[in-house]
Amino acid sequence: MRGRMARWMSTTAMSIVALACASACGVPDSFRTISDRGASIRNLFDILLIISALVFLLVAVLLVYMLIRFRERPGAAEPSQTEGSRTLEIAWTVAPVLLLTGVFVITARTLIHVHAAPAGDPVRIEVVGHQWWWEFRYPDLGIVTANELHVPVGESLHFDITGADVIHSFWVPRFGWKMDAIPGKTNEMVLTVDRAGTYDGACTEYCGAEHAWMRIRVVAEPRDVFDVWVRGQQQPAGPAQGAAADGQRVFLGNTCQNCHAIRGTPANGAVGPDLTHFGSRATIGAGVVPNTPDNLRDWIRHAGAVKPGVLMPPFNLSDSDLQALVTYLESLR
Ligand code: CUA
75 MRGRMARWMS
85 TTAMSIVALA
95 CASACGVPDS
105 FRTISDRGAS
115 IRNLFDILLI
125 ISALVFLLVA
135 VLLVYMLIRF
145 RERPGAAEPS
155 QTEGSRTLEI
165 AWTVAPVLLL
175 TGVFVITART
185 LIHVHAAPAG
195 DPVRIEVVGH
205 QWWWEFRYPD
215 LGIVTANELH
225 VPVGESLHFD
235 ITGADVIHSF
245 WVPRFGWKMD
255 AIPGKTNEMV
265 LTVDRAGTYD
275 GACTEYCGAE
285 HAWMRIRVVA
295 EPRDVFDVWV
305 RGQQQPAGPA
315 QGAAADGQRV
325 FLGNTCQNCH
335 AIRGTPANGA
345 VGPDLTHFGS
355 RATIGAGVVP
365 NTPDNLRDWI
375 RHAGAVKPGV
385 LMPPFNLSDS
395 DLQALVTYLE
405 SLR
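Reading the sequence shown from the start, the letters are residues 75 to 407 in our numbering.
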């Protein structure tokens, strides 16, 4: 019994340390939100936590007091038996009703705030969850990219979130909340990012073998920096030169273009990520490995070995073709 108690206590202590560390050591979490509406969810959480803690304390203190005050003592007479007390009955009915009404009101106010229409003219971003990567489209800007999302700081963002195959969930913890990406349905999320920075996210609805490798990277930057990124992304791929031109021939001469698009070339597949600016992305396979020529070579040769279950088939290219293809793709910046 004592062993079990000790184990329980040490597990609890470790959980508390882990939670405290997750908060303090910079692990991305919903408790350090960087969005306006995330902040109101955070406030609601804080208020509910305080209310719950006070109720818990009240009950725990009363319980412990009763246990000690009215415990059985040798020789003591049976305590007086009371039954029914109108005052008490009314008190413990009315108090929770008032408390829960208050909780309902502040929760409803938060919900209304979080789901309100965006102010002004928001930056519209379509989010499509795929097995196992994220497609980000900016319909008003003519940009299609994957897994990496750039947004301007301090401006209203309007996300239209859906799924291409199964249910995924779009979760950037520091936005403050998450939203399911459901095929055939569009969920909306509106928020303003308050602080520049790079924020990680992930899929948070189990969606198959590589659910764990559907990472999201959000780069929030000042408007002028964002505009530079937008102008870069709007450009089609320029004419390939030298070794890159050989690589482009390999790309267009194989089945790559059945699945991938590169604007500025005849390749316009829509099954896999748009590769027009592939070289500007930090990772391959939605976060599974850094985007380096060596990793890209392994990826093209046998993506399934890097990310088991991935839909991209292995490619049996000659060493020189593979090298040219890697040079070409990395040149797409
Ligand atoms: Cu997509 Cu889990």
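Beta carbons are placed, not taken as given, at the ideal position from N, Cα and C, and that holds for glycine. Only a predicted model underlies this, so the values are computations on that prediction, with no experimental measurement involved.
Original post:
What number of angstroms, rounded off, separates the C-alpha of Asp268 from the C-alpha of Leu223?
Top reply: On the sequence shown, residue 268 is found 194 positions in, with the first residue counted as 1. On the sequence shown, residue 223 is found 149 positions in, with the first residue counted as 1. Cα to Cα, Asp268 sits roughly 16 Å from Leu223.
**OP:** Using the DSSP secondary-structure output, state which residues sit across from Thr274 in a beta bridge.
**Re:** Here residue 274 corresponds to residue number 200 of the sequence shown, with the count starting at 1. The residue you asked about is not Thr; residue 274 is Asp in the sequence shown. In DSSP, Asp274 forms a bridge with Arg291.
Original post:
Near Arg407, what residues of its chain come up, given a Cβ to Cβ distance below 6 Å and the 5 sequence neighbours on each side ignored?
Top reply: Indexing the sequence shown from 1 puts residue 407 at position 333. Here the set comprises Gly353, Ser354.
Subject >> Start and end residues, beta strand (DSSP E) containing Ser394 >> reply: Numbered from its first residue, the sequence shown carries residue 394 at position 320. Here Ser394 belongs to no beta strand (DSSP E); instead the alpha helix (DSSP H) covers 393-405.
**OP:** Out of Leu131, Trp251, Glu284, state which residue places its alpha-carbon closest to the alpha-carbon of Arg111.
**Re:** Counting from one through the sequence shown, the residue named residue 111 turns up at place 37. For Arg111, the closest of Leu131, Trp251, Glu284 by C-alpha to C-alpha distance is Trp251.
Original post:
From Gln307 to Thr339, what distance separates their C-alpha atoms?
Top reply: Against the sequence shown, residue 307 aligns to sequence position 233. Against the sequence shown, residue 339 aligns to sequence position 265. Counting only the Cα atoms, Thr339 lies some 15 Å from Gln307.
Original post:
By DSSP, does Asp348 sit in helix, in strand, or in coil?
Top reply: Taking the first residue of the sequence shown as position 1, residue 348 is located at position 274. Three-state result, Asp348: coil.
Original post:
Does the ligand CUA have a heavy atom nearer than 7 Å to the CB of Glu279?
Top reply: Here the question's residue 279 lines up with position 205 in the sequence shown. Glu279 Cβ: within cutoff of the ligand CUA.
Original post:
In chain order, what residues of the same chain lie with their CB nearer than 8 Å to the CB of Thr107, ignoring the 5 residues before and after it?
Top reply: Numbered from 1 along the sequence shown, position 33 holds the residue referred to as residue 107. Same-chain partners within the cutoff: Ala113, Ile115, Arg116, Arg248, Phe249, Gly250.
Original post:
Hey, Val324 and Leu391 are a contact pair by Cβ (cut 8 Å); roughly how many whole angstroms apart?
Top reply: Here residue 324 refers to the residue found at position 250 of the sequence shown. Here residue 391 refers to the residue found at position 317 of the sequence shown. Between Leu391 and Val324 the Cβ distance is about 7 Å, and since that is below 8 Å, they are a contact.
Original post:
Just the Cα atoms here: how many angstroms apart are Gln309 and Val225?
Top reply: Your numbering for residue 309 matches position 235 in the sequence shown. Your numbering for residue 225 matches position 151 in the sequence shown. Between the alpha carbons of Gln309 and Val225 lies a distance of about 18 Å.
Subject >> Spatial distance of Pro196 from Gly258 (CA atoms) >> reply: Your numbering for residue 196 matches position 122 in the sequence shown. Your numbering for residue 258 matches position 184 in the sequence shown. Between Pro196 and Gly258, the C-alpha separation is close to 23 Å.
Original post:
Around the Cβ of Ile290, are there at least 16 other Cβ atoms within 10 angstroms (buried) or fewer (exposed)?
Top reply: If you number the sequence shown from 1, residue 290 lands on position 216. Around the beta-carbon of Ile290, 16 or more other beta-carbon atoms lie within 10 Å, marking it buried.
**OP:** Can you grab the Cα-Cα spacing for the pair Gly237 / Asp254, in whole Å?
**Re:** Here residue 237 refers to the residue found at position 163 when the sequence shown is read from its first residue. Here residue 254 refers to the residue found at position 180 when the sequence shown is read from its first residue. Gly237 and Asp254 have their C-alpha atoms spaced approximately 8 Å apart.
Original post:
Hey, is the segment 316-333 in contact with the segment 378-397, meaning 3+ C-beta pairs nearer than 8 Å?
Top reply: Yes, the segment 316-333 touches the segment 378-397.
Original post:
For Gly133, is the classification buried or exposed, using 16 other Cβ atoms within 10 angstroms of its Cβ as the cut-off for buried?
Top reply: Here residue 133 is taken as the residue at index 59 of the sequence shown, counted from 1. Looking at the sequence shown, residue 133 is not Gly but Val. Exposed: under 16 other Cβ atoms inside 10 Å.
Original post:
In whole angstroms, what is the alpha-carbon distance linking Val246 and Arg305?
Top reply: By 1-based counting over the sequence shown, the position of residue 246 is 172. By 1-based counting over the sequence shown, the position of residue 305 is 231. In a straight line, the C-alpha of Val246 is about 25 Å away from that of Arg305.
Original post:
For the segment 183-203 against the segment 358-377, are there 3 or more C-beta pairs whose distance is under 8 Å?
Top reply: With the cut-off at 8 Å, the segment 183-203 and the segment 358-377 do not touch.
**OP:** Return the CA-CA distance between Ala318 and Arg371, expressed in angstroms with no decimal places.
**Re:** Indexing the sequence shown from 1 puts residue 318 at position 244. Indexing the sequence shown from 1 puts residue 371 at position 297. If you take the alpha carbons of Ala318 and Arg371, they lie about 14 Å apart.
Subject >> Cβ pair Pro347, Glu209 closer than 8 Å >> reply: Here residue 347 corresponds to residue number 273 of the sequence shown, with the count starting at 1. Here residue 209 corresponds to residue number 135 of the sequence shown, with the count starting at 1. Result yes, Cβ atoms of Pro347 and Glu209 sit closer than 8 Å.
Original post:
Where do the N-terminal and C-terminal ends of the alpha helix (DSSP H) with Asp301 fall, by residue?
Top reply: Locating residue 301 in the sequence shown gives position 227, counting from the first residue. Where Asp301 is concerned, the enclosing alpha helix (DSSP H) stretches over 297-308.
Subject >> Span separating the alpha-carbon of Leu128 from that of Ala150 >> reply: Residue numbering aside, residue 128 sits at position 54 when the sequence shown is read from its first letter. Residue numbering aside, residue 150 sits at position 76 when the sequence shown is read from its first letter. Spanning the two alpha carbons is a distance of roughly 34 Å.
**OP:** Note down the Cα distance separating Ala335 from Ala341, rounded to an integer number of angstroms.
**Re:** Residue mapping note: residue 335 aligns to position 261 of the sequence shown, counting from 1. Residue mapping note: residue 341 aligns to position 267 of the sequence shown, counting from 1. Straight-line Cα distance between these residues: approximately 5 Å.
Subject >> Reference Val227, options Ile235, Glu284, Gly271, closest by Cα >> reply: Here residue 227 refers to the residue found at position 153 when the sequence shown is read from its first residue. Ranking the options by Cα distance to Val227, first place goes to Gly271.
**OP:** Assuming Trp207 contacts Ala311 (C-beta within less than 8 Å), just tell me the rounded distance between them.
**Re:** Residue 207 sits at position 133 when you count from the first residue of the sequence shown. Residue 311 sits at position 237 when you count from the first residue of the sequence shown. Not quite, the Cβ-Cβ distance comes to about 20 Å (not below 8 Å), so this is no contact.
**OP:** Could you tell me how far apart the beta carbons of Ile241 and Met263 are, in whole angstroms, since I believe they sit closer than 8 Å?
**Re:** In the sequence shown, the residue the question calls residue 241 occupies position 167. In the sequence shown, the residue the question calls residue 263 occupies position 189. Not quite, the Cβ-Cβ distance comes to about 16 Å (not below 8 Å), so this is no contact.
**OP:** Output the residue ranges of the alpha helix (DSSP H) runs that lie fully inside the segment 120-205 and measure 4 residues or longer, sorted by chain position.
**Re:** Listed in chain order, they are 160-188.
Subject >> DSSP-derived helix/strand/coil call for Asp372 >> reply: For the purposes of this step, residue 372 is identified with residue 298 of the sequence shown, where counting begins at 1. Helix.
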